[in-house]
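Colleague: Dropping a structure here in structure tokens format, bear with me for questions.
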Amino acid sequence: MILKNLELRLILNMFSNIINLPKNIRYRFLISFFNRIFSSCYIPVLPIYMSGYISSSEVSLALALILCLNILGNFIGGVLGDNYNLKQLIALIRGIETIIFVSLAVCIWASINIWTIIILFSLVTFTSSLRVPLFDMLVFNAVSSENQNYVFSLSYWINNIGFSVGYLLSAFVFKGNMFSIICMGIIVNIISIPAINSLEDDYTSQSKSNVKANLIEVIKIYQNKKFIIFSFGSILLLFLELQLSNFIGIFLNRNFIDTIFHYKVTGIQALGIIQFINVFLTVLIPILSKKMMKSISTYSFIIGIILYGIGFLSLVWFYSYGVIAMVISTIIFTIGELLFFPNQQVVFKNIMPEKHRGKYLAARQINTQISRLIASVSLVLFLSVSYVLVGFIYFIVAIVGGAFIIYLRKITLRLEHEK
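The sequence shown begins at 1 in full-length UniProt numbering and counts up one residue at a time.
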């Protein structure tokens, strides 16, 4: 009990020291918090919203378009940040983004053609992905070796709190109403204007970024056979997590209904509960059980993968048993995730040469986008087959993805012993 109270005081102390951080980091956290709330409101609802107007194959096409613009925006944002004033770029992008949000709200309110709305959503994604590397550069320019651990830990907590608040707002306040969510986006943009005006940008890049050369260097990493094996495994495991805002979200919206204490729970609200519990437990369990988080072994990884697969299978197979079944399934796959993820990180660290860490981290981001693309395209298949088969596929994907990582773990351990 004393240990738990000590950990709680450390967490409270972590938040109380924000005032001592550089101005750019404080304002970055503030803007990031509201951005996370908004993004976790609209991203899970977007596929559900589109599926009410267009076919599943068209939803997949639209999500693929949005994803491609997201990747493009990240690259362009990084290049612009190396060559121009960060504060001016952020202010310009935020202004353009606000205009797009207002246009989007008008189009949704007036029931304009759905593809016009989708194009505007794509532009929102593009502009938001442009500013992400710019904000990150502001933080990295301001962070020091003395406060970097504190800053990154605090960032983790603030982001997760923002996600949790957003999931609950989307499910129980906005109830999936896209017009209300977009109006919130306009408010978030307006709130962030004073914070952006207060940013300081005294950093000048010493060299111009060569995006083509950097991209070629990142692509060369895929010649590393161990990284290819890791990529297959990590893409499959992340693919499952992304199902929450793809197939599972649409499936629950169409099929789920339950009543708790005379309160009607819809599919969108069930999705909000699932995502909130997942984020909440991801933050809480490491505090309450550090021993579990430090369990780096093949055994804990295998148990984690099995629980992860069973949890996602249960979300689909047992949806008809109501909210309680959804909560239990979420707890199962979250515990599984917390067991296998540290092991996966250790494997990644072991295959990553120290002098090329930046490029390997960039390549891992490419893997993330590949997972998103596969999750989007899979909508066409999953919405056309039995949900029983989908649940079975989820379990197989978890096992196969885990098998790649376990195989790679054994290879790296054997090489270490041979040294």
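The C-beta atom is built at its ideal place from N, Cα and C for all residues, glycine as well.
Only a predicted model underlies this, so the values are computations on that prediction, with no experimental measurement involved.
Below 7 Å CB to CB, which residues in the same chain sit around Cys-107 once its five sequence neighbours on both sides are set aside?
Modeller: For Cys-107, where only same-chain residues beyond five positions count, the Cβ hits under 7 Å are Thr-116, Ile-117, Leu-120.
Colleague: Would you grab the beta carbon distance between Ser-329 and Phe-318 for me? Rounded to a whole angstrom, and I think it's under 8 Å.
Modeller: Confirmed, about 7 Å.
Colleague: Using only the alpha-carbon positions, how far apart do Ser-205 and Asn-83 sit?
Modeller: Unreliable positioning characterises Ser-205 in this predicted model, as indicated by a pLDDT of 49, which lies under 50. The coordinate reading is nonetheless provided below. Cα to Cα, Ser-205 sits roughly 7 Å from Asn-83.
Colleague: Kindly list the residues whose CB is nearer than 6 Å to the CB of Ile-90, restricted to its own chain and excluding five residues on each side of it in sequence; keep chain order.
Modeller: Closer than 6 Å at Cβ, skipping near neighbours: Arg-131, Leu-134, Ile-196.
Colleague: Going by Cα to Cα distance, which pick from Lys-225, Gly-309, Val-59, Gln-269 is closest to Asp-258?
Modeller: The candidate whose alpha carbon is nearest that of Asp-258 is Gln-269.
Colleague: Taking the alpha-carbon positions, what's the Leu-169 to Gln-223 distance?
Modeller: So the two alpha carbons sit approximately 44 Å from each other.
Colleague: Could you name the residues that DSSP lists as bridge partners for Ile-257?
Modeller: According to DSSP, which records beta bridges pairwise, Ile-257 is partnered with Thr-266.
Colleague: Would you kindly work out how many angstroms separate the C-alpha atoms of Ser-378 and Ile-37, rounded to a whole number?
Modeller: If I take the Cα positions, the gap works out to 27 Å.
Colleague: Alpha carbon to alpha carbon, how far is Leu-244 from Leu-389?
Modeller: Between Leu-244 and Leu-389, the C-alpha separation is close to 17 Å.
Colleague: Can you have a look at Ile-191 and say buried or exposed, based on whether 16 or more other CB atoms are within 10 angstroms of its CB?
Modeller: So Ile-191 counts as exposed.
Colleague: How should Ser-207 be labelled, buried or exposed, when 16 other C-beta atoms within 10 angstroms of its C-beta is the threshold for buried?
Modeller: Residue placement at Ser-207 cannot be trusted, given a pLDDT of 49 that sits under 50; the coordinates are not used to answer.
Colleague: May I ask you to report which of helix, strand or coil DSSP gives Gln-206?
Modeller: In this predicted model, Gln-206 has a pLDDT of only 46, less than 50, meaning its place in the structure is not dependable; the value taken from the coordinates is given anyway. In the structure shown, Gln-206 sits in coil (DSSP, three-state: anything other than H, G, I, E or B).
Colleague: Buried or exposed, going by whether 16 or more other CB atoms sit within 10 Å of the CB of Arg-409?
Modeller: Its Cβ being crowded by 16 or more others within 10 Å, Arg-409 is buried.
Colleague: Quick one: grab the DSSP three-state call for Thr-199.
Modeller: The displayed chain sequence assigns Leu, not Thr, to residue 199. It is coil, neither helix nor strand.
Colleague: Let's see if you can read the secondary structure: which residues bound the alpha helix (DSSP H) around Ser-329?
Modeller: Run containing Ser-329: 323 to 351, per the alpha helix (DSSP H) assignment.
Colleague: Extract the residue ranges of the alpha helix (DSSP H) inside the stretch 28 to 98, only unbroken runs of 4 or more that lie entirely within it.
Modeller: Complete alpha helix (DSSP H) runs here, min 4: 45 to 51, 56 to 83.
Colleague: Which first and last residues belong to the alpha helix (DSSP H) in which Val-316 is found?
Modeller: Here the alpha helix (DSSP H) through Val-316 covers 298 to 317.
Colleague: Would you mind reading off the limits of the alpha helix (DSSP H) that contains Leu-244?
Modeller: Neither: Leu-244 is in no alpha helix (DSSP H) and is coded neither H nor E.
Colleague: Is it the case that the stretch 302 to 310 contacts the stretch 391 to 402, given that we only count it when at least three CB pairs across the two stretches are under 8 Å?
Modeller: Enough Cβ pairs lie closer than 8 Å, so yes.
Colleague: By Cβ distance below 6 Å, which residues in the same chain neighbour Gly-77 in space, the five residues on each side in sequence not counted?
Modeller: Leu-130, Pro-133, Leu-134.
Colleague: According to DSSP, is Leu-21 part of a helix, a strand, or is it coil?
Modeller: Leu-21: coil per DSSP, three-state reduction.
Colleague: Which value, in whole angstroms, describes the spacing of the CA atoms of Ile-335 and Ser-371?
Modeller: One C-alpha to the other measures close to 21 Å.
Colleague: If I measure Cβ to Cβ from Ile-158 and keep anything under 6 Å in the same chain, skipping five residues before and after, which residues do I get?
Modeller: The answer, listed in chain order, is Phe-29, Phe-33.
Colleague: Going by CA-CA distance only, name the one from Ile-112, Phe-230, Ser-180 that's closest to Val-346.
Modeller: Here the closest residue by C-alpha is Phe-230.
Colleague: Assuming Phe-261 and Val-397 form a contact by the criterion Cβ under 8 Å, report the distance between their Cβ atoms to the nearest whole angstrom.
Modeller: Incorrect: roughly 36 Å between the Cβ atoms, too far for contact.
Colleague: If Phe-163 sits next to Ser-40, beta carbons under 8 Å apart, how far is it from one beta carbon to the other, in whole angstroms?
Modeller: The Cβ separation is near 5 Å, so the contact holds.
Colleague: Under 7 Å, do Phe-172 and Ser-180 count as touching if we go by C-beta distance?
Modeller: Contact flag unset, no.
Colleague: Could you give the DSSP three-state label for Val-188: helix, strand or coil?
Modeller: If DSSP states are grouped into helix, strand and coil, Val-188 belongs with the helices.
Colleague: Round the Cβ separation of Gly-176 and Ile-274 to the nearest angstrom and send it over; I've been treating them as touching at under 8 Å.
Modeller: That pair is no contact at about 14 Å.
Colleague: When you compare the CB positions of Leu-313 and Gly-233, do they come within less than 7 Å of one another, or not?
Modeller: It is not a contact, given that the beta carbons lie outside the stated cut-off.
Colleague: Closest to Tyr-42 by CA distance: which of Met-184, Leu-92, Asn-20, Leu-381 is it?
Modeller: Answer by Cα proximity: Met-184.
Colleague: Who are the Cβ neighbours of Phe-256 in its own chain at under 6 Å, not counting the five residues just before and after it?
Modeller: Here the set comprises Gly-267, Ala-270, Tyr-319.
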